[in-house]
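To start, the structure under review is shown below, and the notes come after it.
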Amino acid sequence: MLVDTGFGTLPILDMVRELTNLPVFLVNTHTDRDHTGGNKDFNPVYMHPAEMDHYKNALPDGCQMEHVHPLWEGEILDLGHWKFEVILTPGHTPGSIMLLEREKRMLISGDSIQNGDIYMFGAGRNMPAYQSSLKKMIALSDTFDSVWPSHGDFPLKADIIPGILQGTQELMAGKLTEEEPPRPMPCKRYVCDVAGFLYRFE
Ligand SMILES: [Zn+2]
113 MLVDTGFGTL
123 PILDMVRELT
133 NLPVFLVNTH
143 TDRDHTGGNK
153 DFNPVYMHPA
163 EMDHYKNALP
173 DGCQMEHVHP
183 LWEGEILDLG
193 HWKFEVILTP
203 GHTPGSIMLL
213 EREKRMLISG
223 DSIQNGDIYM
233 FGAGRNMPAY
243 QSSLKKMIAL
253 SDTFDSVWPS
263 HGDFPLKADI
273 IPGILQGTQE
283 LMAGKLTEEE
293 PPRPMPCKRY
303 VCDVAGFLYR
313 FE
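Under my numbering, think of the first position of the sequence shown as 113, with each following residue one higher.
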């Protein structure tokens, strides 16, 4: 199982083949461009159905919708020694998912739990949904110890999640300092104790 493919600037397939000759399927935690850029080299591709329109409307070069299959909440990706449960965590995008390995007590969190900048502006992002997803993961956090995000430092510990939730609450209450974003983008940057948010007050 490969999770996400970056911007497509690296030879992901070659890198995968250095690790294994076994058949490989791809899971996209969500379909922001920095997670799907190398998708063309993989088939099948799994994602939550709530991501499919976004993916289809800006299909990465060389990709085909025929390769895409739905992955619903509660499904188990059974790799034998590893069993990953799909957890739906909308907010960063409508169909963002996380993958929970209960026996190994680890969580692959995509962008929604990380200590870098979390994109929360623009189409498809939703702060109340994101906060609900964080509460859902706090309720599950006695089932995992390590968190493996797509950006920032890794692994993180499960106890970072309440800090991210608190950060979103401080952001929405206007308590975080507004900074310019790291690159020109139609948003501002807000940093809490454990992560950053790229957000735009409408
Ligand atoms: Zn993303």
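Idealized CB from N, CA, C, for every residue including glycine. Computed from a predicted model, the values in this text were never measured in an experiment.
From Y167, H193, D265 and W194, residue whose alpha carbon lies closest to that of Q226: Taking the sequence shown and counting its residues from 1, the one referred to as residue 226 is at position 114. For the residues Y167, H193, D265 and W194, the minimum Cα distance to Q226 belongs to D265.
Here's a check: name, in chain order, each residue in its chain whose Cβ is nearer than 6 Å to the Cβ of P182, leaving out the five neighbours to either side. Here residue 182 refers to the residue found at position 70 when the sequence shown is read from its first residue. Within the same chain, P182 has close Cβ partners P161.
Count the other CB atoms, across all protein chains shown, that sit within 10 Å of the CB of G234; report buried if there are 16 or more and exposed otherwise. One-based indexing of the sequence shown puts residue 234 at position 122. Classification of G234: exposed, given that the 10 Å Cβ count is below 16.
Beta carbon of Y167: closer than 7 Å to some heavy atom of ligand 3? In the structure on display, ligand 3 does not appear, and the ligands it does have are ligand 1.
By DSSP, does P274 sit in helix, in strand, or in coil? As a working mapping, residue 274 is identified with position 162 in the sequence shown. Three-state result, P274: helix.
Would the C-beta of T205 count as close to ligand 1, meaning under 7 Å from any of its heavy atoms? What you label residue 205 is simply residue 93 of the sequence shown in a count that begins at 1. Correct: T205 has its Cβ closer than 7 Å to ligand 1.
Between the C-alpha atoms of E215 and M127, what's the straight-line distance to the nearest angstrom? Counted from its first residue, the sequence shown places residue 215 at position 103. Counted from its first residue, the sequence shown places residue 127 at position 15. Roughly 27 Å between the two C-alpha positions.
Under the rule that 16 or more other beta-carbon atoms within 10 Å means buried, what is I188, buried or exposed? As a working mapping, residue 188 is identified with position 76 in the sequence shown. Under this definition I188 is an exposed residue.
Check S221 in the structure and name its three-state DSSP category. Counting from 1 along the sequence shown, the entry for residue 221 is found at position 109. In this structure, S221 counts as strand in the three-state DSSP scheme.
Candidates S244, D229 and E291: which alpha carbon is nearest A307's? By one-based count along the sequence shown, residue 307 stands at place 195. Answer by Cα proximity: D229.
I'd like the list of long-range same chain contacts for T201, defined as Cβ closer than 7 Å, with 5 residues on each side in sequence excluded. If you number the sequence shown from 1, residue 201 lands on position 89. Cβ within range, chain order: S208, I209, M210, S224, S245, K248 and M249.
Which residues does DSSP list as the beta-bridge partners of R301? Here residue 301 is taken as the residue at index 189 of the sequence shown, counted from 1. Paired residues: E291 and L310.
Go ahead and pull the three-state DSSP assignment for D190. As a position in the sequence shown, residue 190 is number 78, starting the count at 1. If DSSP states are grouped into helix, strand and coil, D190 belongs with the strands.
What residues in its chain sit with their C-beta under 6 Å from that of D153, if we drop five residues either side in the sequence? Your numbering for residue 153 matches position 41 in the sequence shown. Closer than 6 Å at the Cβ level, and outside the excluded window around D153, lie L125.
For the region 269 to 277 against the region 190 to 199, do three or more pairs of beta-carbon atoms, one drawn from each stretch, fall closer than 8 Å, so that the two count as touching? no
For a test of the three-state rule: what should DSSP assign to L138, helix, strand or coil? As a first step, residue 138 must be located in the sequence shown, where it is residue number 26. Three-state DSSP puts L138 in a strand.
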